[in-house]
Amino acid sequence: MRYRTLGKTGIKVSPFCLGAMMFGAAGNPDHDEGVRIIHKALDAGINFIDTADAYSRGESEEIVGKALKGRRDNVVLATKAHLPMGDDPNQQGNSRRWLTQELDASLRRLQTDHVDLYQIHRPAPDTDIEETLSALTDLMRAGKIRAIGSSTFPVSEIIEAQWVAERRGLARFRTEQPPYSILNRGIEREVLPACERYGMGAMVWSPLAMGMLTGRYRKGQPQPDSGRARRFPTQMSDERRLHAVEQLIPLAEEAGLPLTHMALAFVMAHPGVTSAIIGPRRMEHLDDLLAGAEVRLTDEILDRIDAIVPPGTDVGPLEAAYNPPAILKAVLRRRPMADRAAA
1 MRYRTLGKTG
11 IKVSPFCLGA
21 MMFGAAGNPD
31 HDEGVRIIHK
41 ALDAGINFID
51 TADAYSRGES
61 EEIVGKALKG
71 RRDNVVLATK
81 AHLPMGDDPN
91 QQGNSRRWLT
101 QELDASLRRL
111 QTDHVDLYQI
121 HRPAPDTDIE
131 ETLSALTDLM
141 RAGKIRAIGS
151 STFPVSEIIE
161 AQWVAERRGL
171 ARFRTEQPPY
181 SILNRGIERE
191 VLPACERYGM
201 GAMVWSPLAM
211 GMLTGRYRKG
221 QPQPDSGRAR
231 RFPTQMSDER
241 RLHAVEQLIP
251 LAEEAGLPLT
261 HMALAFVMAH
271 PGVTSAIIGP
281 RRMEHLDDLL
291 AGAEVRLTDE
301 ILDRIDAIVP
311 PGTDVGPLEA
321 AYNPPAILKA
331 VLRRRPMADR
341 AAA
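Going by UniProt numbering, the first residue of the sequence shown is number 1, and it counts up by one from there.
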């Protein structure tokens, strides 16, 4: 396994990052198998693990904590906070109150005294970014965090956070965790260039497009009865996405590659990407993904992928991505009725 520097942190990480979202009730509830999967990934040279408090309401962190007993010092451990962890309205978000409380809870579940990377899972329009960065800076000074990052932030908020950190003398985000795959290339326009400009590492999630680039989801065929198909029905049945997949499958076959290997090699080919997050639910999933670690795509194949999905474009919806209030709330996009006419 080759290793890359995570932004300007000096921390060396593997190009594959083991994502732990599928460990626990939301994916594979078998703790012992989860531990075995983690151990196999570590034995294969992966030294980077990403989880979050919200994954199976803390169960994922508990499984990771069990697996890292005796191996913690050799692992770059990342977790996240922001998403709801209970019915209390203050058990979520990016406030100092919540982050201070929830980091301690994550450390208990992970059975460690620090995390190497603590990430803000999504933006919080109701919280000043200075408030968030100030809290994270204090937690770093307390020795509980080594580096901080953002996840699925719009480029405007990535840049704002950098400016606020510089002007207020606060710790700055060293990483961004955006969605990126052959089907979702929108971050090539601004997010990845901004990460490169500010020396931020990019650890991209969903390189298999939520499973659509496994070849299981086909145009004109019954959809698999999967948790993702039930949770993201619009995305997983979108005709534009399925049409693109139908063009990618023969391209992978012509190149002598499984579609999953071509999809992973595609994201790893971008110079702005540090690591691709792989999220196996079963051991056989990990085996398949590890088998593609040495695949390199030629310029010819990358050109043909560009012809199917042009650079900087997203094919269809990505329901798990962040939508700002201006998109979610019609009232923010519409003037009062009396002001809508030009005359």
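Backbone N, C-alpha and C define an ideal beta-carbon position, used for all residues, glycine too.
Assigned with DSSP and collapsed to three states, Asn-323 falls in coil, not helix or strand.
Asp-50: not part of any alpha helix (DSSP H); member of the beta strand (DSSP E) spanning 48-50, first to last residue. Here Trp-163 is exposed. Its C-beta has fewer than 16 other C-beta atoms within 10 Å. CA-CA distance, Arg-281 to His-261, rounds to 17 Å. Restricting attention to alpha helix (DSSP H) runs no shorter than 4 residues, the segment 260-320 encloses them at 283-290, 299-308, ordered along the chain. Secondary structure of Arg-4 (DSSP, three-state): strand.
Between the alpha carbons of Asp-303 and Glu-253 lies a gap of roughly 16 Å. In the same chain as Val-191, and ignoring 5 residues on each side of it, the C-beta atoms closer than 6 Å to its own belong to Val-155, Pro-178, in chain order. Contact between Lys-66 and Leu-286 does not hold, since their C-beta atoms are separated by about 17 Å, which reaches or exceeds 8 Å. The beta carbon of Ser-134 lies closer than 8 Å to those of Arg-96, Arg-168, Leu-170 in the same chain, with the five residues before and after it left out. Here DSSP, grouped into helix, strand and coil, assigns Val-75 to coil.
Counting only residues of its own chain and dropping the five nearest sequence neighbours on each side, Ile-63 has a CB closer than 6 Å to the CB of Phe-23, His-31, Gly-34.
Here DSSP, grouped into helix, strand and coil, assigns Ala-202 to strand. For Leu-192, the uninterrupted alpha helix (DSSP H) segment begins and ends at 191-197. Ile-305 and Ala-20 have their C-alpha atoms spaced approximately 29 Å apart. Between the segment 230-238 and the segment 206-222 there are three or more C-beta pairs closer than 8 Å, enough to call the two in contact.
Taking 9 Å as the cut-off, the beta carbon of Tyr-217 is found closer than this to the beta carbon of Ala-229. About 15 Å separates the beta carbons of Thr-100 and Thr-79, which is beyond the 8 Å limit, so they are not a contact pair. Around the beta-carbon of Ile-327, fewer than 16 other beta-carbon atoms lie within 10 Å, marking it exposed. Bounds of the alpha helix (DSSP H) holding Leu-99 are 96-110. The Cβ atoms of Arg-240 and Gly-316 sit closer than 9 Å to each other.
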